[in-house]
Amino acid sequence: MASNGLTIAQPLAEIAKIHNLNNPYGERDVTLTHEDIETRKTALITVIVITVLRICLAFESFLMGIVLLGGSLYRNTRDNLFLGF
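One gets my numbering by counting positions in the sequence shown from 1 and adding 56 to each.
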């Protein structure tokens with residue numbers, strides 16, 4: 057038991073008040089300024105562009121791996137034909 061007389065529920069109730077957990081649809085300040093909206097838009101566009109570029113790079117790397125592997129297999133087959141194997 058706590059020495060200052062607080063129960064476990066009291067600190068939890070204070071945390072709930074701070075985070076507004078008891079009434080999640082209650083009064084909240086969700087006003088965004090135009091600067092906030094523009095900042096979030098810019099961040100979202102940046103993330104989308106970077107994600108698309110990374111997907112393109114991964115796909116290109118995959119295709120290059122297939123091309124290089126295919127060329128290597130073809131070269132080995134051709135070399136083997138010339139050697140009489």
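Glycine included, each C-beta is placed from N, C-alpha and C at the ideal position.
In this text, all values refer to a predicted model and were calculated from it rather than measured experimentally.
Q: Would you tell me roughly how many angstroms separate the C-alpha atoms of threonine 151 and threonine 102, rounded to the nearest one?
A: Since the first residue of the chain shown is 57 and the last is 141, residue 151 is not available in this structure.
Q. Roughly how many angstroms lie between the CA atoms of threonine 95 and valine 105, to the nearest whole one?
A. 15 Å
(Q) What would DSSP say about leucine 143, mapped onto helix, strand or coil? (A) There is no way to answer for residue 143, as the model of the chain reaches only from 57 to 141.
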